[in-house]
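Student:
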Amino acid sequence: MRIPPGYELEILGVVVGLSKYGIETIIMSAHYYKRFMRLAARWPKDKHKNPSRDLALFLETEIERLFRVERSNLPQDIGLCERRLQSLEQILRNVHRSNYPNSYKSGVFGLSLDGLHEANSDEGRKVFGLREKNSFLSRLFRRRS
47 MRIPPGYELE ILGVVVGLSK YGIETIIMSA HYYKRFMRLA ARWPKDKHKN PSRDLALFLE
107 TEIERLFRVE RSNLPQDIGL CERRLQSLEQ ILRNVHRSNY PNSYKSGVFG LSLDGLHEAN
167 SDEGRKVFGL REKNSFLSRL FRRRS
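Be aware that the sequence shown starts at 47, since it is given in the numbering used here, and climbs by one per residue.
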């Protein structure tokens, strides 16, 4: 079924013009949006990091940005979208970690994996003197206020 160009359709609360893409593309993007959001919801939250450094929250905001704000930048190749989704699912399920085990147990500091998690937590970063640094322009404009 084809809808004449110029008509608009509301999907997931977003009004999409149908003049550039067909209805099939819009339905597929809504399908992939749901699949990506389900994957992001299953992604583990890191209790040691604040929300600005959490990968799960970053994935959710990026999916929202790409599918809702920058719809014109979405890949039109369905195969590419499917490969990206499968890659993230493989990372989530630790497929490569279980298929290719690594016997390396320490990092630069000679810490175990748990020690590295603690060192990379917000509290550990404060101990090492690593904190969120403001850019030069933000410091400059903050002083003027």
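Glycine included, each C-beta is placed from N, C-alpha and C at the ideal position.
For the candidate residues Ala165, His163 and Ser75, whose alpha-carbon lies nearest to that of leucine 126?
Tutor: The residue labelled residue 126 in the question sits at position 80 within the sequence shown. Cα-wise, what sits closest to leucine 126 is Ser75.
Student: Output the boundary residues of the alpha helix (DSSP H) element that contains glutamate 164.
Tutor: To locate residue 164, count along the sequence shown from 1; it is residue 118. Start and end: 159 to 166.
Student: Specify whether the segment 136 to 144 and the segment 103 to 113 touch according to this definition: at least 3 beta carbon pairs, one from each stretch, less than 8 Å apart.
Tutor: Not touching, per the Cβ criterion.
Student: Assign alanine 86 to buried or exposed, taking buried as 16 or more other Cβ atoms, counted over all protein chains shown, within 10 Å of its Cβ.
Tutor: Numbered from its first residue, the sequence shown carries residue 86 at position 40. Burial call: buried.
Student: I need the DSSP call for tyrosine 67, collapsed to helix, strand or coil.
Tutor: In the sequence shown, counting from the first residue as 1, residue 67 sits at position 21. Confidence is the limiting factor: at tyrosine 67 the pLDDT is only 48, short of 50, which leaves the residue's position unreliable and the question unanswerable from this model.
Student: At the level of alpha carbons, what is the spacing between arginine 185 and aspartate 168?
Tutor: Counted from its first residue, the sequence shown places residue 185 at position 139. Counted from its first residue, the sequence shown places residue 168 at position 122. Rounded to whole angstroms, arginine 185 to aspartate 168 spans 22 Å at the Cα level.
Student: Is the CB-CB distance between leucine 131 and tyrosine 78 below 8 Å?
Tutor: Position 85 of the sequence shown holds residue 131. Position 32 of the sequence shown holds residue 78. Result yes, Cβ atoms of leucine 131 and tyrosine 78 sit closer than 8 Å.
Student: How big is the Cα-Cα spacing for leucine 105 and valine 115?
Tutor: Position 59 of the sequence shown, counted from the start, is the residue given in the question as residue 105. Position 69 of the sequence shown, counted from the start, is the residue given in the question as residue 115. Cα to Cα, the separation comes out at about 15 Å.
Student: Does the distance from the CB of alanine 102 to the CB of lysine 93 come in under 8 Å?
Tutor: The sequence position of residue 102 within the sequence shown is 56, counting from 1. The sequence position of residue 93 within the sequence shown is 47, counting from 1. Their beta carbons are not under 8 Å apart, which means alanine 102 does not touch lysine 93 by this criterion.
Student: Quick check: the Cα distance between asparagine 145 and alanine 165, rounded to an integer number of angstroms?
Tutor: The sequence position of residue 145 within the sequence shown is 99, counting from 1. The sequence position of residue 165 within the sequence shown is 119, counting from 1. Spanning the two alpha carbons is a distance of roughly 27 Å.
Student: Label phenylalanine 82 either buried or exposed according to how many other C-beta atoms from any shown protein chain fall within 10 Å of its C-beta, with 16 as the threshold for buried.
Tutor: Counted from its first residue, the sequence shown places residue 82 at position 36. With 16 or more other Cβ atoms within 10 Å, it is buried.
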